[in-house]
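Residues 1 to 418 in full-length UniProt numbering are what the sequence shown spells out, letter by letter.
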Amino acid sequence: MTVSTPAPPDLLSPAHVADPWPGLAVLRDHYPVHFDEGLGVWLISRYDDVRRLASLDIGDLLQELIGQYLGDAQAFFAMDGLDHRRRRALIAPVFARPSVQRFADQVDRHARALLDPIFERERQAVRAGERDRAEIDFVTEFTASFSANVMIQILDLPIPDHSRMTSWFSAWINAEGNISRDPQIIAAAQQAKDEFGEIILPVIRERRSGTGDDLISKLCRAELDGMRMSDGEIQSFVATMFLAGGETTDHQLGWAMYELASDPRIQQELAAEPELMTNLLAESMRYHAIIPFGSRLAPADFEVGGVAIEEGAQLAVMYSAANHDPRRFENPDTFDIHRTDVDPKKAFNGAAQHMGFGSGPHFCIGSHLTKAEMETALRVFLEHARDVRIADDANPAPDPASPFVRSLASLKLSFELV
Ligand code: HEM
Numbered sequence: 001m002t003v004s005t006p007a008p009p010d011l012l013s014p015a016h017v018a019d020p021w022p023g024l025a026v027l028r029d030h031y032p033v034h035f036d037e038g039l040g041v042w043l044i045s046r047y048d049d050v051r052r053l054a055s056l057d058i059g060d061l062l063q064e065l066i067g068q069y070l071g072d073a074q075a076f077f078a079m080d081g082l083d084h085r086r087r088r089a090l091i092a093p094v095f096a097r098p099s100v101q102r103f104a105d106q107v108d109r110h111a112r113a114l115l116d117p118i119f120e121r122e123r124q125a126v127r128a129g130e131r132d133r134a135e136i137d138f139v140t141e142f143t144a145s146f147s148a149n150v151m152i153q154i155l156d157l158p159i160p161d162h163s164r165m166t167s168w169f170s171a172w173i174n175a176e177g178n179i180s181r182d183p184q185i186i187a188a189a190q191q192a193k194d195e196f197g198e199i200i201l202p203v204i205r206e207r208r209s210g211t212g213d214d215l216i217s218k219l220c221r222a223e224l225d226g227m228r229m230s231d232g233e234i235q236s237f238v239a240t241m242f243l244a245g246g247e248t249t250d251h252q253l254g255w256a257m258y259e260l261a262s263d264p265r266i267q268q269e270l271a272a273e274p275e276l277m278t279n280l281l282a283e284s285m286r287y288h289a290i291i292p293f294g295s296r297l298a299p300a301d302f303e304v305g306g307v308a309i310e311e312g313a314q315l316a317v318m319y320s321a322a323n324h325d326p327r328r329f330e331n332p333d334t335f336d337i338h339r340t341d342v343d344p345k346k347a348f349n350g351a352a353q354h355m356g357f358g359s360g361p362h363f364c365i366g367s368h369l370t371k372a373e374m375e376t377a378l379r380v381f382l383e384h385a386r387d388v389r390i391a392d393d394a395n396p397a398p399d400p401a402s403p404f405v406r407s408l409a410s411l412k413l414s415f416e417l418v
């Protein structure tokens, strides 16, 4: 009997988005360096290759797909080399660990401002006999606003209307994955840029003359080669940080809660040993890499795993596949907060062994803020909730409309109020 080699997965298919792990195993085992005709990119899926190639340059693709719709300038995450390093250095200190510690009270306040009214609503509903156990949709009622609210405060943005914010985020995310250059997606991204510009450009102009300590004011005063940045470049910075911080931690938090609510043993262990929270968050970063891949450019003709790649070709370094590579992690498809091959203490800085925050020069700037937000949200929630379960009528699953960001559209929970 001959055993046929399975076909490589279609990364955009709903079946793959719903359960990516078997398809990613096929890639790693049979096609570790594979040209995806549909996406027009080389998929790199083994841990060691991803780690190495994540240090390559980004090239022009990200600017074309998304950067140009954030502001009238090259987005800094779509730059390479010295230009990238100098712009990154303007932002990174605001999100370094000591600075993030200064945001701790604000993060706590944002969590309570959203959760306290829900606890009160549920207390009354249980008291009135409307239900036996309290309920919440942790995603639609909490995470969808929480991280964005934190970013709005940190950036000091005058965003009056959250529904516009949500539509900008999806327009930009769709643009980032718009490999087919769909004109409707491009038009929506352009509209998001224009609408965001209408709000942010007057703020930039006003803060140019001030002495404020907020990030926008600092960017207004910053000089590169003795020159101030243009309004368009500052808009691009602000949109980048707003999107990168407002549309990531919320999804990661949803997954961490999904794991917590799915396994009563994790809740018991956390109650007995609260320090295990860091293990839970670290394992969630490994298991659920919500940004499945980063985009890179082949700098010259070169070979990976015996496969020849031509100069100028686009590569997708697949963080999600690398994080489930059995060559690096034992039983990678098992969610295990006690695994010894991920050090939780390093999981939120550049020494992380997982690649949920990427790797190389573009390693995530927001990793410390992410930890602070996730830790605070879960702590505040668990102050009032015990025996958290996925609600009986819920069927949480990755959002098939979102193949480029692994997210839950909804996470209905039931719990005992304390
Ligand atoms: C769970 C939450 C988050 C995840 C999973 C995440 C993931 C990532 C990944 C994978 C990259 C690298 C992309 C690549 O290799 O091309 C990245 C870069 C980046 N992240 Fe995050 N991120 C998160 C939260 C945040 C937050 C809260 C902020 C804002 C404070 C942020 C700001 C950025 C920026 C600005 C970059 C680009 C850095 C550069 O190009 O130098 N991220 N992030």
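All C-beta atoms, glycine included, are put in the ideal place defined by N, C-alpha and C.
Taking a contact to require three or more Cβ pairs closer than 8 Å, the segment 214-223 and the segment 251-262 do not qualify as touching. Here histidine 110 is buried, its C-beta having at least 16 other C-beta atoms within 10 Å. The beta carbon of alanine 171 sits closer than 8 Å to the beta carbons of Tyr69, Ile185, Ala188, Ala189, Gln191, Ala192 from its chain, once the five residues preceding and following it are set aside; these are given in chain order. Comparing alpha carbon positions, the residue from Pro8, Asp49, Gly40, Leu315 closest to histidine 30 is Pro8. Going by DSSP, aspartate 387 is part of the beta strand (DSSP E) stretching over 385-390. Taking 8 Å as the cut-off, the beta carbon of glycine 67 is found closer than this to the beta carbon of alanine 78. Taking 8 Å as the cut-off, the Cβ atoms of alanine 397 and alanine 18 count as close.
If you draw a 10 Å sphere on the C-beta of alanine 401, you find fewer than 16 other C-beta atoms in it, and that means exposed. The bridge partners DSSP lists for glutamate 311 come to none. In the structure shown, valine 418 falls within a coil segment according to DSSP collapsed to helix, strand and coil.
As DSSP reads the structure, serine 295 sits in a beta bridge with Ala316. Excluding residues up to 5 positions away in sequence, Val41, Leu61 lie with their Cβ nearer than 6 Å to the Cβ of glutamine 314 in the same chain. Around the beta carbon of lysine 345, fewer than 16 other beta carbons lie within 10 angstroms, which makes this residue exposed.
Counting the other CB atoms within 10 Å of its CB gives valine 3 a total below 16, which places it among the exposed residues. Look at arginine 87 here: in three-state DSSP terms it is helix. Comparing C-alpha distances from glutamate 283 to each of Ile309, Gly226, Val342, Glu269 shows the shortest one belongs to Val342. Just so you know, the alpha carbons of valine 139 and valine 388 end up roughly 15 Å apart. By the beta-carbon neighbour count (other beta carbons within 10 angstroms, threshold 16), proline 264 is exposed.
Of the heavy atoms belonging to the ligand HEM, none sits nearer than 7 Å to the Cβ of alanine 144. Taking 7 Å as the cut-off, the C-beta of glutamine 252 counts as close to a heavy atom of the ligand HEM. Taking every protein chain shown into account, the CB of histidine 368 has 16 or more other CB atoms within 10 angstroms, so this residue is buried. If you check the C-beta of alanine 244 against the ligand HEM, you find a heavy atom less than 7 Å away. In this structure, glutamate 303 keeps its C-beta atom at 8 Å or more from the C-beta atom of valine 150. With a contact defined as Cβ atoms closer than 8 Å, serine 147 and aspartate 250 qualify at about 4 Å. Distances from the CA of isoleucine 154 to each of Phe119, Gly246, Ile173 were compared; the closest alpha carbon is that of Gly246. In the three-state scheme derived from DSSP, where H, G and I count as helix and E and B as strand, arginine 228 is classed as strand. Three or more pairs of CB atoms, one per stretch, sit closer than 8 Å, so the segment 319-330 contacts the segment 290-297. Less than 8 Å separates the beta-carbon of alanine 347 from that of methionine 285. Exposure of aspartate 48 is indicated by the presence of fewer than 16 other C-beta atoms within 10 angstroms of its C-beta. Relative to the ligand HEM, even the nearest heavy atom lies 7 Å or more away from the CB of alanine 128. Sorting Glu64, Lys412, Arg28, Leu11 by C-alpha distance to the C-alpha of glycine 254 places Lys412 at the top. Glutamate 275 carries a coil assignment under DSSP once its states are collapsed to helix, strand and coil. Arginine 86 has its CB no nearer than 7 Å to any heavy atom of the ligand HEM.
Relative to leucine 82, the option among Phe103, Gln101, Asp57, Val100 whose CA is nearest is Asp57. Proline 398 carries a strand assignment under DSSP once its states are collapsed to helix, strand and coil.
Per DSSP, reduced to three states, the secondary structure at isoleucine 66 is coil, with no helix or strand assignment.
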